[in-house]
Ligand SMILES: Cc1cc2nc3c(=O)[nH]c(=O)nc-3n(C[C@H](O)[C@H](O)[C@H](O)COP(=O)(O)OP(=O)(O)OC[C@H]3O[C@@H](n4cnc5c(N)ncnc54)[C@H](O)[C@@H]3O)c2cc1C
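In my numbering, the protein residues as written are 180 to 582.
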């Protein structure tokens with residue numbers, strides 16, 4: 180049996196951040212990380228397309244929480260303790276400069292997630308955190324004041340444990356044995372599969388600002404849209420996938436969406452089209468894109484309105500104009516399935532937030548049992564917010580344990 184003051188289960192983003200900060204705040208504590216894989220921080224490695232989107236340049240807690248479909252209310256207090264500005268400072272103090280991209284996402288200046296991993300490994304080593312790799316925690320039990328952890332190797336014993344195992348179903352089952360409730364996990368941050376003639380041959384087309392609504396639902400979102408080889412992606416879709424993670428899972432990822440490509444309502448668009456018809460009477464409709472739409476998309480929407488390739492504006496009848504206005508402002512697409520967004524995906528669901536004290540991230544059911552990161556029922560839209568949840572929770576855990 181190995182004894183420690185603090186054992187962190189899971190050597191991912193939250194686990195390393197908790198261990199390093201606890202060790203730094205209280206050098207007297209004997210701390211270990213138990214990590215199932217041969218190496219830690221594997222998600223950090225692949226995150227942000229290998230660049231690691233560490234956090235987001237949003238510095239007002241009440242604004243920051245708007246990016247969390249689950250966990251927004253609970254994170255407001257914690258963000259007043261440790262948030263994006265603190266993350267930037269934390270890394271800078273340890274020699275990792277971060278940069279802001281136009282959309283607010285923040286990456287290491289090196290553009291490599293390895294910089295973050297190297298920083299964590301150096302810090303853990305410097306503060307004498309013991310890291311046990313290829314060590315899977317298989318049971319968690321409390322004996323008097325101490326936690327006993329059985330692993331595939333040694334057994335461990337600690338006063339405090341931090342569960343930072345991300346979206347591990349096996350660990351959620353162990354936590355259920357300790358009477359914690361786990362909200363059923365479903366994927367979040369995915370793209371929509373759409374097999375439709377209008378978009379089949381135009382992958383790579385981007386529309387900067389569209390409104391997407393899920394029909395027969397309250398779900399809607401606005402932002403950039405990307406047409407891919409298999410359907411739709413980019414923030415307008417990813418935000419829907421996050422806010423609708425549970426609802427869309429219930430629909431088995433089969434539903435209809437309505438897209439407004441031009442940010443005008445149907446009537447407004449129809450009037451504009453009538454003006455264009457007058458102004459460009461002798462020009463071929465297909466040839467010149469309107470509403471600043473990418474030409475390839477414009478052409479598909481025109482063809483879908485039963486306007487032929489050679490038709491001139493003067494030849495369009497009322498029905499065709501209405502059909503075109505419909506395609507531009509309320510085009511309906513059938514979604515059938517989802518695909519993985521390679522840059523970032525997360526799991527919605529996890530330990531029920533009602534059972535956690537968000538001043539400390541300690542379990543309300545068991546003393547000296549803490550949680551940090553994706554193990555909790557907290558997740559965010561894409562942009563660096565998921566890591567920020569891991570850093571914030573882990574920092575607050577460290578502060579409390581080190582006291
Ligand atoms: C491809 C991809 C890209 C992403 N990119 C970004 C991004 O750029 N920005 C962003 O904010 N978020 C990103 N995310 C989300 C982000 O990676 C997670 O939210 C974050 O890693 C959660 O941290 P965590 O420490 O809670 O969990 P994890 O990082 O998943 O770590 C959990 C650790 O626990 C270990 N473990 C599990 N079970 C056991 C056990 N029984 N015993 C011992 N160890 C165990 C696992 O092996 C793992 O190492 C991305 C996710 C993916 C999949």
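Note that the Cβ used here is the ideal one computed from N, Cα and C, for glycine as well.
Minimum C-alpha distance to residue i - residue among the options
i           : options            : result
residue 497 : 471, 311, 453      : 453
residue 535 : 543, 429, 528      : 543
residue 541 : 580, 514, 525, 566 : 580
residue 557 : 537, 546, 545, 547 : 537
residue 293 : 349, 476, 233      : 233
residue 413 : 562, 443, 186      : 562
residue 398 : 390, 197, 350      : 390
residue 247 : 418, 574, 358      : 418
residue 282 : 571, 387, 255, 477 : 387
residue 401 : 409, 206, 422, 351 : 422
residue 217 : 314, 409, 199      : 314
residue 336 : 372, 457, 212, 560 : 212
residue 367 : 197, 473, 426, 298 : 426
residue 380 : 477, 504, 242, 533 : 477
residue 424 : 304, 354, 371, 317 : 371
residue 195 : 256, 297, 237, 257 : 297
residue 396 : 289, 430, 408      : 430
residue 354 : 338, 420, 317      : 317
residue 485 : 275, 499, 244      : 499
residue 200 : 304, 330, 545      : 304
residue 504 : 456, 264, 539, 533 : 456
residue 373 : 514, 254, 394      : 514
residue 404 : 545, 472, 334, 330 : 472
residue 551 : 539, 572, 533      : 572
Cβ-based burial, residue i [other Cβ within 10 Å; buried from 16]
i           : result
residue 517 : buried
residue 519 : exposed
residue 226 : buried
residue 574 : buried
residue 582 : exposed
residue 183 : buried
residue 262 : buried
residue 568 : buried
residue 392 : buried
residue 299 : buried
residue 460 : exposed
residue 553 : buried
residue 385 : exposed
residue 279 : exposed
residue 270 : buried
residue 253 : buried
residue 257 : buried
residue 493 : exposed
Cβ-Cβ distance between residue i and residue j below 7 angstroms
i           : j           : result
residue 501 : residue 465 : no
residue 470 : residue 441 : yes
residue 463 : residue 433 : no
residue 382 : residue 416 : no
residue 564 : residue 235 : yes
residue 506 : residue 480 : yes
residue 214 : residue 190 : yes
residue 204 : residue 577 : yes
residue 323 : residue 202 : no
residue 369 : residue 436 : no
residue 428 : residue 193 : no
residue 210 : residue 197 : no
Neighbourhood of residue i by C-beta, 8 angstroms cutoff - its chain only, sequence neighbours within 5 removed
i           : result
residue 340 : 185, 186, 187, 188, 319, 326, 328, 547, 548, 549
residue 531 : 359, 360, 361, 362, 556
residue 364 : 346, 348, 351, 526, 527, 528, 529
residue 545 : 321, 357
Beta-carbon contacts of residue i that lie in its chain and below 7 angstroms, excluding the five residues immediately before and after
i           : result
residue 508 : 439, 441, 443, 444, 445, 448
residue 231 : 223, 286, 287, 292, 295
residue 259 : 240
residue 284 : 232, 235, 562, 563
residue 273 : 298, 302
Cut-off 6 angstroms between Cβ atoms - residues of its own chain near residue i, not counting five sequence neighbours on either side
i           : result
residue 559 : 246, 247, 565
residue 266 : 234, 570
residue 332 : 314
residue 309 : 211
residue 468 : 474, 477
residue 264 : 238
residue 539 : 579
residue 377 : 479, 483
Closer than 7 angstroms to chain D by CB, residue i
i           : result
residue 416 : The structure shown has no chain D; it contains just one protein chain.
Which ranges would you report for the alpha helix (DSSP H) in the segment 459-515 if only whole runs of at least 4 residues count?
474-483, 497-508
Report the residue ranges of all beta strand (DSSP E) runs contained in full by the segment 346-381; include only those spanning at least 3 residues, in chain order.
361-367, 369-372
Would you mind listing the beta strand (DSSP E) stretches within the segment 381-441 that are 3+ residues and don't spill past its ends, in chain order?
DSSP runs (the beta strand (DSSP E)) wholly in the segment 381-441: 385-393, 399-406, 410-412, 433-439.
Length at least 3, wholly inside the segment 536-572: the beta strand (DSSP E) runs in chain order
548-550
Can you list, in chain order, the stretches of the alpha helix (DSSP H) that have 4 or more residues and sit fully within the segment 243-291?
251-260, 263-272
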